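Reviewing the structure listed below.
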Amino acid sequence: MILNDVAPVWIRICLILVLVSGGFLLSSRSLKNLVRTYQFQSFLLVLIALGLVVLEEHTILLLVAALTVVSKVWGIPACIRLIQERIHIQQDLKFSYLRPPGALMLSILIILLVYITFAQILEKLYAASSLFFLGSVIGVSLVLMGLLAVCIRRMAISKVIGYLSMENGVLAFGLFVTELPFFIEFVIVIDLIILVLLTSIMTVGIDSSIEEYKSRLEEFHLLSEEGGIA
Amino acid sequence: MIGESFIFALLNVAFVLVISPFFMMVIKKVKARVQGRQGPHLLQGYYNLAKLFRKETLYSEYAGCISRIAPYAALSILLVAAIMVPLFWIPEQELVTANIIVFLYLLVAGRLLIALLGLDAASTFGGMGSSREMSLSAIIEPVTVVVFAALVYVTGSFSIHDIFRTATTIFPAYNPTVLLLSVPLFILIIVETGRVPVDNPETHLELTMVHEGMLLDTSGRNLALFELSHAVKQTLLMAILLNIIVPAGIALELSVGALILGGVLFLLKGTVLCVIIGLFESAYAKMRFFQIPNLFMIAFFFSILTIFIEVML
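Sequence lines, in order, name chains A and B.
Note that our numbering numbers the first sequence so that position 157 is 258, with each residue one more than the last.
Note that our numbering numbers the second sequence so that position 163 is 1448, with each residue one more than the last.
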C-alpha cells in the first residue's frame, strides 16, 4: 500500500531528473561528465521502470530494468570510458549551429511544443493520468533533445551520447505509452545504429569530427583510389 | 498584532546582521581547507568589520555625494529587504508588504547604488567594475524575474511570508517542482553575491574583478558598511532557498522556545549551505566574462522547466 502511494511521487521526481539530465547533456563540455550524466539518466529510467512495476504490476518491466542496468548503466558507459582513456580528450568545446545557451532555449521550446501537441493527441491519457501524460511528454522531449545534441555537437563521441540519450527518450516514451514489443523493436534498431557508429569511429579515430572523417580515412589509407572505402 | 510585527522586524534584522559575517567566514574557511590552508578564524569577519569601523574614511578628490550616501543607503535598503524575508519566524501579519517583486526592486536598487559609487570616484577600475556589473545585471535580471515567477507559480502567492508558510506545508521530497527550484535559486545566490564562477570576491585582479572593482576606492567605515551589506544580501538569498527547500524548524508562532529552535536550525542549515557554496566555488574556475550567460541560461532553463512541470502535473 505504502509503495503504491510512494511510486507515483518517485516516478515524477525521476522523470524531472531525466529532463534535467537531458539539459545537462546539451550544455556540458566535459566528456567525463557527459558519460556520467548518460549513466545517471539510464539509472533513472531503471528506477522509473521499477516504479511502474509497483503501479502496473507488469513483471516484464523488471526485465527491461535489468537489461537497462546491464547495458546502459554499466556496459556502454564502461566502453565509452575505455575509449576516452585512449584518446586523452577531456573536453568537447566544438559546437555547430548552436552554442549551449541557445540549445537550452531551443529545448525549452521543444518541451513546450511537445506538450501542446500531446495535449491534443493524448487528450484521453491526460484526463486519465497526468503521470503517464508527463512521462510521454518527457520521453519525446528527451528524444528531440538528444537529436539536438547530435546536431550541435561536432565531436563524434559526443554525438554518440546524443544518440544514446535519444534511445533513452524512446525507452521513457515506451514505458508510459506504447506497447512493449514495439518499443523493444525500436530500441534495437537504434542500438544497431549506435553500434555501427561506435564501431566505425573506433576503427578510424574517435577524436575526429564527422566533417573530418574523410581526411582521417585518407590518413589511415582507408580510401580506395576511386574514392570509396577500401 | 502590530506589536508582534515590530518584534519580528527587530529580531529578524538583528539576526541577519549578527549571522551574516559568520556565513561569509564559513565559505572562506571551506575554500581554504579545500586548498590545504588553515583559513581564517570563523569570527574573523567580525574582527574585520570592527577594525574597518574604527578606521578613517578617505574619499577621492573627485568623489561627490554618492560616495558619502551610498554605503548607508545600500545597507538601509538591504535591511528593509531583511524585514521582508523571515529567517526563523513567520509572523501572522507583515510589517511591510513582503512582496517578492518589491524585494527584487530593492536588490536592484542596492546594485544600482554600488554601480554609481564605482563611477563616482572617477577611477578607471571603478568605472570598469560598474560597467561589468551593469552588463551582467542586464542579463541576470530577466532570469531572476523568471526564477521568482516560478517560485510564485509553485506556491501561489507574491508574499514572501505566504511563500514560506506554504513551503512549510509541502514536503519537498514529495514535490519535485520545489526540488527543481533549488537549482536556479542556488545559481541566483552565486550570481547575485558575485561568487566563483561569476566573480571572485577575493581577488583584486583588474582583468577579472567586478564587485571588488566598484569598491576599490572605498575605505574605513564605508567599506565596512558595504562588506556588511554584501553579507546581508547573501544571507537573505540563502534564506529564500533554505526556507523553501528545508523549511523545517521555522517558527509559526511567537514563543521563546520556537524562536530559539528556529534560530539555531537556521544557523545550522545556513552553515551547511555555506559549506556547499564553498565546495562549489572550489570545484569551479572563474568563467570567462562572455561565458557567464551560460550559467544564467541554466537557471532560466530550470525555472521554465519548473513552470512547465507544475502546469503538466
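No residue lacks a Cβ here, since even glycine has one placed at the ideal position from N, Cα and C.
All of these numbers come straight from a predicted model, not from anything done at the bench.
Any beta carbon from chain A within less than 8 Å of residue 1384 of chain B's own beta carbon?
Chain A, which has no Cβ nearer than 8 Å to the Cβ of residue 1384 of chain B, makes this no.
Thinking just about the alpha-carbon of each residue, which of B/1493, B/1448 and B/1566 is nearest to the one in residue 1418 of chain B?
When each option's Cα is compared against that of residue 1418 of chain B, the closest is B/1493.
What would DSSP say about residue 273 of chain A, mapped onto helix, strand or coil?
Of the three classes helix, strand and coil, the one that applies to residue 273 of chain A here is helix, per DSSP.
Compare the C-beta of residue 144 of chain A against all C-beta atoms of chain B and say whether one is closer than 8 Å.
Closer than 8 Å: no.
In chain order, what residues of the same chain lie with their CB nearer than 7 Å to the CB of residue 1532 of chain B, ignoring the 5 residues before and after it?
These residues qualify, in order along the chain: 1449, 1452 and 1453.
For residue 1432 of chain B versus residue 1588 of chain B, is the C-beta distance shorter than 8 Å?
Closer than 8 Å, so yes.
Can you look up residue 1373 of chain B in the DSSP assignment and give me helix, strand or coil?
Note: residue 1373 of chain B maps to coil in three-state DSSP.
Looking at residue 1598 of chain B and residue 235 of chain A, is the spacing between their C-beta atoms short of 8 Å?
Yes.
Pick out whichever of A/147, A/127, A/251 and A/233 has its Cα sitting closest to the Cα of residue 173 of chain A.
With distances taken between Cα atoms, residue 173 of chain A lies closest to A/147.
When the Cα of residue 175 of chain A is compared with those of A/118, A/141 and A/157, which residue comes out closest?
Ranking the options by Cα distance to residue 175 of chain A, first place goes to A/141.
Strictly below 7 Å CB to CB, what residues from chain A border residue 1578 of chain B?
Here the neighbours are 202.
Relative to the C-alpha of residue 1595 of chain B, which residue among B/1545, B/1552, B/1460 and B/1515 is closest?
Per the Cα distances, B/1460.
According to DSSP, is residue 1572 of chain B part of a helix, a strand, or is it coil?
Note: residue 1572 of chain B maps to coil in three-state DSSP.
Specify the secondary structure class of residue 192 of chain A as computed by DSSP and reduced to three states.
Here residue 192 of chain A sits in strand by DSSP.
Leaving out the 5 sequence neighbours to the left and right, which residues in its chain are closer than 6 Å to residue 1300 of chain B when beta-carbon positions are compared?
Hits under 6 Å: 1372.
Which one of B/1345, B/1463, B/1357 and B/1327 has the shortest CA to CA distance from residue 1338 of chain B?
With distances taken between Cα atoms, residue 1338 of chain B lies closest to B/1357.
Give me the subset of the stretch 233–246 of chain A whose CB atoms are less than 8 Å from a CB atom of chain E, sorted by chain position.
No chain E appears in the structure shown, which is made up of the protein chains A and B.
Please determine, among B/1407, B/1509, B/1355 and B/1398, the residue with the shortest C-alpha to C-alpha distance to residue 1341 of chain B.
Nearest option by C-alpha distance: B/1509.
So, does the CB of residue 1592 of chain B fall closer than 8 Å to a CB anywhere in chain A?
It does not: the Cβ of residue 1592 of chain B has no partner Cβ on chain A nearer than 8 Å.
Name, please, each residue of chain B whose Cβ falls closer than 9 Å to the Cβ of residue 270 of chain A.
Near residue 270 of chain A there are no residues of chain B at all, since even the closest Cβ is about 16 Å away, more than 9 Å.
Does the distance from the CB of residue 1385 of chain B to the CB of residue 1445 of chain B come in under 8 Å?
Yes.
Taking 6 Å as the limit between beta carbons, can you name the residues of its chain near residue 1400 of chain B, skipping five residues before and five after?
Hits under 6 Å: 1415, 1418 and 1419.
If you measure between the beta carbons of residue 232 of chain A and residue 109 of chain A, is that distance less than 8 Å?
Yes, these two residues count as a Cβ contact at 8 Å.
Using a C-beta to C-beta distance shorter than 8 Å, which residues of chain A count as neighbours of residue 1582 of chain B?
Under the 8 Å cutoff, chain A gives 128, 201, 202, 205 and 206.
For residue 204 of chain A, report the span of its alpha helix (DSSP H) as first-last.
Residue 204 of chain A -> alpha helix (DSSP H) spans 201–222.
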